[in-house]
Structure formats: C-alpha cells, structure tokens
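In what follows, a structure is listed as structure tokens, so that the remarks can point back to it.
Numbering (the numbering used here), first residue to last: 1487 to 1679.
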C-alpha cells in the first residue's frame, strides 16, 4: 500500500520486452529485489537492481491499463516506496492498481499553483466524488470539481516542483486510481440495491 506522497522521480533508462529499467534515486538505499515501488502510480516489484538502476517486469494487463504501455526512454516518472507499519500516513490509501488512463484537457496557472483538468475513462466516473481523493500518476489529490467525466484537481507549488504533474500539459496522459474506500462502498451498495 502507498499514500500518494511522492518521494522521488526517476528517468526511464530502457523499456521493452515487458521490462522497465529506471534510474535509481540515491535516497532509495533500502530497496531490495522483491521490494514494491509505485512507478507513476503503478505498483511494481523490483526484479533487479544495482547502484544506478532499478528493473521491473511489467505485465500485459498493466501495460494495457496504464501509461506504462506507452512510456518511452528518457521520460520522468514518480516513485514511492511501499508504506511501512509505523510510517506517517499523509495522503490517502493508494493501492498502486491503475484503473485506467486519463487525458489532460487543460492546465491553468493561478499564481504559484495550477488547476489540472483530466478527462477520466467513463467507467471510473461513478467512483469519483467531489472533494474525494484520487491518485493521478500516483499523486494523492483532492477532487476540486467533477463535471461529467472531467475531473479538476489543484496542484500546489510543492506538487508542481516535486512530481511529474508539474510537467504535464494538455494532451498528456496520466494513470488514474480512484479512492479505494469509495470503490468498496460503491461495490457493496450496488449489491444491496
């Protein structure tokens, strides 16, 4: 499990054949083979590492449901290590299970912060609530507004500076994970009705 509080970013060193290799942040000293890391919001398992890189296998389903299917060498991705018992819980519960890919419709600067509007996949809209949580590329955010399938989120200066959302522009794609609690509540209530 993750919290959506991005720790580092990394550069894609190579991608292909179901394998993704990233630059290894210097702060990730406690990583080992088998460690779970959210890469652009997608939970992946480290299968190989050295002082300079981290390698992951990326399944076909993951490539189909996330931006990892179209990622290219040289791109920057958000990273978050799995939550440890006793850690501070500052974002929201993020599983690292990308449910689909959204498309940036607009990004408006408002002084030091920005408003990002994302077109969500239609099937995810019922799980999104106004002022609820959503993860975009693994970043824990609050839904500012929801109009049809367009979701707006505010990006504070820290988010703009320390995550890949600061690089996103109109037409770019982002991984989307709706709030797990909302998904469970919706699933249970739909069975009762």
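Cβ coordinates follow ideal geometry from the N, Cα and C atoms, glycine included.
Length of the line joining the Cα atoms of residue i and residue j
i, j, result
"residue 1664", "residue 1578", "11 Å"
"residue 1507", "residue 1563", "11 Å"
"residue 1582", "residue 1597", "31 Å"
"residue 1611", "residue 1678", "20 Å"
"residue 1575", "residue 1489", "6 Å"
"residue 1558", "residue 1571", "34 Å"
"residue 1567", "residue 1650", "16 Å"
"residue 1513", "residue 1544", "23 Å"
"residue 1674", "residue 1542", "34 Å"
Other residues of its chain near residue i: CB distance less than 7 Å, five sequence neighbours each side excluded
i, result
"residue 1548", "1528, 1554"
"residue 1594", "1600, 1601"
Residue j beta carbon less than 7 Å from that of residue i
i, j, result
"residue 1494", "residue 1511", "yes"
"residue 1590", "residue 1636", "no"
"residue 1524", "residue 1624", "yes"
"residue 1626", "residue 1603", "no"
"residue 1642", "residue 1629", "no"
Same chain only: Cβ atoms within 8 Å of residue i, ignoring 5 sequence neighbours per side
i, result
"residue 1518", "1532, 1535"
"residue 1587", "1551, 1552, 1553, 1607, 1659, 1660, 1661, 1662"
"residue 1700", "Lying before the first or after the last residue shown, residue 1700 is absent from the chain, which here runs from 1487 to 1679."
Cβ-based burial, residue i [other Cβ within 10 Å; buried from 16]
i, result
"residue 1551", "buried"
"residue 1654", "buried"
"residue 1667", "exposed"
"residue 1516", "exposed"
"residue 1580", "buried"
"residue 1671", "exposed"
Close Cβ partners of residue i (< 6 Å) along its chain, the five nearest in sequence each way excluded
i, result
"residue 1540", "1508, 1510, 1532"
"residue 1652", "1646"
Scan the stretch 1531-1610 and note each continuous beta strand (DSSP E) run of 3 residues or more that stays entirely inside, going in chain order. 1539-1543, 1562-1567, 1586-1596, 1599-1605
Counting only runs of 3+ residues fully inside the stretch 1610-1638, write out the beta strand (DSSP E) ranges in chain order. 1619-1622, 1625-1633
Return the chain-ordered ranges of every beta strand (DSSP E) run that is complete within the stretch 1635-1660 and spans a minimum of 3 residues. Secondary structure in the stretch 1635-1660: the beta strand (DSSP E) runs of 3 residues or longer, each lying completely within the stretch, are 1636-1641 in chain order.
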